[in-house]
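With our numbering applied, the sequence shown covers 23 to 679. To keep things clear, I will list the structure first and then write my remarks on it.
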Amino acid sequence: MSSETGQSTSRKIANVMQETRVFPPSQEFTTQAVIASESQYQHLYKSAKSDRDGFWSDLAKSELHWFKPFESVFNREGHVVSWFGGGQTNLAYNCLDRHIENGLGERTAIIWEGEPGEQRRLTYAELHREVCKFANGLKSLGVRTGDVVSIYMPMTPELAIAMLACVRIGAIHSVIFAGFSAEAIADRNNDARAKIQLTSDGLWRRGKNLPLKATVDEALKKSPTVEHCVVLRRVGNEVPMQAGRDVWWHDLVEQASADCPATPLDSEATSFILYTSGSTGKPKGIRHTTAGYNLWVKQTFAWVFDYKPDDLFWCTADCGWITGHSYIVYGPLSNAATVLMYEGAPNFPAEDRFWDIIERHRVTILYTAPTAIRAFIKWGDHHVEKHDLSSLRLLGTVGEGINPEAWMWYHRKIGGERCPIVDTWWQTETGGIMMSPLPGITPTKPGSCTRPLPGIVPLIVDEELHAVDVDQGGMLCIAEPWPGMLRGIWGDDERFVEQYWTKVPGNYLTGDNARQDADGYYWIMGRIDDVINVSGHRLSTIEIESALVSHPSVAEAAAVGRPDDLKGQAISVFVTVKSADPPTELKDELKAHVRKEIGALAVPDDIRFTNALPKTRSGKIMRRLLRDIAAGKEEIAQDTSTLEDYSILAKLRGDEE
Ligand code: WT7
Numbered sequence: 023m024s025s026e027t028g029q030s031t032s033r034k035i036a037n038v039m040q041e042t043r044v045f046p047p048s049q050e051f052t053t054q055a056v057i058a059s060e061s062q063y064q065h066l067y068k069s070a071k072s073d074r075d076g077f078w079s080d081l082a083k084s085e086l087h088w089f090k091p092f093e094s095v096f097n098r099e100g101h102v103v104s105w106f107g108g109g110q111t112n113l114a115y116n117c118l119d120r121h122i123e124n125g126l127g128e129r130t131a132i133i134w135e136g137e138p139g140e141q142r143r144l145t146y147a148e149l150h151r152e153v154c155k156f157a158n159g160l161k162s163l164g165v166r167t168g169d170v171v172s173i174y175m176p177m178t179p180e181l182a183i184a185m186l187a188c189v190r191i192g193a194i195h196s197v198i199f200a201g202f203s204a205e206a207i208a209d210r211n212n213d214a215r216a217k218i219q220l221t222s223d224g225l226w227r228r229g230k231n232l233p234l235k236a237t238v239d240e241a242l243k244k245s246p247t248v249e250h251c252v253v254l255r256r257v258g259n260e261v262p263m264q265a266g267r268d269v270w271w272h273d274l275v276e277q278a279s280a281d282c283p284a285t286p287l288d289s290e291a292t293s294f295i296l297y298t299s300g301s302t303g304k305p306k307g308i309r310h311t312t313a314g315y316n317l318w319v320k321q322t323f324a325w326v327f328d329y330k331p332d333d334l335f336w337c338t339a340d341c342g343w344i345t346g347h348s349y350i351v352y353g354p355l356s357n358a359a360t361v362l363m364y365e366g367a368p369n370f371p372a373e374d375r376f377w378d379i380i381e382r383h384r385v386t387i388l389y390t391a392p393t394a395i396r397a398f399i400k401w402g403d404h405h406v407e408k409h410d411l412s413s414l415r416l417l418g419t420v421g422e423g424i425n426p427e428a429w430m431w432y433h434r435k436i437g438g439e440r441c442p443i444v445d446t447w448w449q450t451e452t453g454g455i456m457m458s459p460l461p462g463i464t465p466t467k468p469g470s471c472t473r474p475l476p477g478i479v480p481l482i483v484d485e486e487l488h489a490v491d492v493d494q495g496g497m498l499c500i501a502e503p504w505p506g507m508l509r510g511i512w513g514d515d516e517r518f519v520e521q522y523w524t525k526v527p528g529n530y531l532t533g534d535n536a537r538q539d540a541d542g543y544y545w546i547m548g549r550i551d552d553v554i555n556v557s558g559h560r561l562s563t564i565e566i567e568s569a570l571v572s573h574p575s576v577a578e579a580a581a582v583g584r585p586d587d588l589k590g591q592a593i594s595v596f597v598t599v600k601s602a603d604p605p606t607e608l609k610d611e612l613k614a615h616v617r618k619e620i621g622a623l624a625v626p627d628d629i630r631f632t633n634a635l636p637k638t639r640s641g642k643i644m645r646r647l648l649r650d651i652a653a654g655k656e657e658i659a660q661d662t663s664t665l666e667d668y669s670i671l672a673k674l675r676g677d678e679e
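Spelled out as structure tokens, the structure:
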């Protein structure tokens, strides 16, 4: 049993967050919701748990098209799992052909807005046609089922078309976010043994025209497996085309036939790999499949986003991340939804671009990231107040924990206190959303991802692998398989087993810490590696950061531990403030504020003000880099290939007290 002192407390993570606000959905929202009663959720949750195979079998039959019906629902041999074995389906067929057969060909699939302002609208029939033509184009370049296609493209409809064309013919796509370096592309191409590269002449970002093809040319010098490069004309840059290797997108599709039947693919056929940066540096290619992934993203989209045919859904992620794969392309399109896709930056031509887009297009559901929300707060409310956001009815967040004060701002300023917020917890590895409020029924608490979706069985354990008590933090695992789970790390089975299945045998290890409160709600406490251990008390980063962000002067905060002879670790925080010049007294004020919000235990030992925090390109704060800076390490030994802005590092090092 745990005592009050030393050893045993050090194995649990102290819960110091006191968030008591609760926001139930309005009656109006509940009445029209897809899941409209607590008993409906309880029924789904219990059926999925007590009869997993029956539950998923019924959904797979009703929600997906089968060229060949599956023979078994779930199988596991060692670490190899299979869902819907013996069956054949196709992701692109489920996203396109099925709807056209159901008479929805004229429904809008994608409304696209380019950064410079141009607009395009593609119906399901038009999208189908473009996908078929491009798929035939890929075939003409020798692409066959099982080949890997590397995609490095701007957020244009062609990016979605390329992804769908690949899965239509069973080629495996590997989308690489168009901000990565030539080195990063080459690493990924070589690891995946990519056969074809797709790119564009350039992309628009904050009014500037960035030369994608030049970066790709560099990368291809070191990517010997790549035979051809298809180039989309987007910005009109002049680009050198290498004879025999490079071909323009428009030339490739010009002659191509629009007749390209979807290839029936085994349920377990790899649909795509997506590289994610492991905490050790070397990117890992997370491998997803066809049927299980498709069912998971289709169903989670329907449950969590409460989608109705007259909604306009906008996920602001890039297709280079799993969020874009699952909730711009495959989830919404499987549901015959209409998505908005935006190419550019949130602050071009001005900081109100998102609100302008929402007003003009009448967006009804907005799904974005805490890092963006904190930027909006910093940019100021006047950008929001200029616009009519009354079309919005539901908001979502993903990617990091959301600090309760940022949640409150989102709720008030963007949601007009009327829109439920779904704080969705999941990972590249999980394929789709795992824990989230169901907007029609779940009373939300700022900062909590609330409860698991049907089929998800979370388990929180301490270092000795015992389940922790209510309100105690520990390692978050998933105890039961689900259809969207990753099937491997591309080319590295050993790492797959080691990373996810070894530490807590029989369970999927998420790498996050979490606690469950007395109402059964889950609170993600940050990455396991980020825990700060002060005098034997294990503190989670999000709680200290949230206390700081609740101070009116603070825009963003990152907390890390640094070695301390006395306490084991001392707390070092990096803070971005809303005003240009933070007064020196602010440091003492912030310490007092944390003392009041959490207690003496969590008072930062040092506070540094900075203009920006180092982040991954997907917007996550890179605490491991900050740890090195806080520890006073001169050379940053860690991998920085995913760091958004190198200059921030230099500034932070020079900015020490
Ligand atoms: C990690 C996964 C999920 C798609 C985008 C990121 C953190 C994600 C939340 C949330 C607290 C969150 C976790 C997770 N995370 N969503 N709602 N609350 N933390 O995918 O790059 O694979 O990152 O992001 O730490 O493990 P990813």
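Glycine residues also receive a C-beta, built at the ideal position from the N, C-alpha and C atoms.
Taking just the CA atoms, how far does residue j sit from residue i?
i	j	result
C188	A157	7 Å
G495	G423	15 Å
V269	K637	35 Å
K217	D223	20 Å
V406	G437	11 Å
A236	E365	20 Å
A394	L623	30 Å
N231	Y115	35 Å
V444	P459	5 Å
P442	A206	38 Å
D493	I546	12 Å
E619	A569	6 Å
I183	T345	17 Å
E486	A36	16 Å
I511	K306	6 Å
S289	L481	28 Å
Can the beta-carbon of residue i be found less than 8 Å from the beta-carbon of residue j?
i	j	result
L160	A200	no
R473	Y543	yes
T446	I455	yes
R309	R509	yes
R267	C251	yes
A577	T563	no
L416	D328	yes
M185	D340	no
D534	I550	yes
S572	E373	no
W78	T111	no
I198	Y174	yes
V595	I566	yes
G314	G462	no
I57	W318	no
In this structure, what does DSSP give as the bridge partners for residue i?
i	result
A580	F596
P585	Q591
T345	T345 pairs with nothing; no bridge assigned.
H250	I218
M457	W447, P474
Q277	According to DSSP, which records beta bridges pairwise, Q277 is partnered with nothing at all.
S640	Note: S640 sits in no beta bridge, so no partner.
Helix or strand or just coil, what does DSSP make of residue i?
i	result
D169	coil
H310	strand
S356	helix
A36	coil
V238	helix
N231	strand
N316	helix
D223	coil
I550	helix
Y543	coil
K90	strand
C282	coil
H404	helix
Could you tell me the boundaries of the beta strand (DSSP E) in which residue i lies?
i	result
L466	Checking the sequence, you will find Thr at residue 466 rather than Leu. Per DSSP, T466 belongs to no beta strand (DSSP E) and is neither H nor E.
T145	141-145
P480	480-483
M177	Note, M177: premise wrong, no beta strand (DSSP E); not H, not E.
What are the start and end residues of the alpha helix (DSSP H) that includes residue i?
i	result
R396	392-401
Y63	60-72
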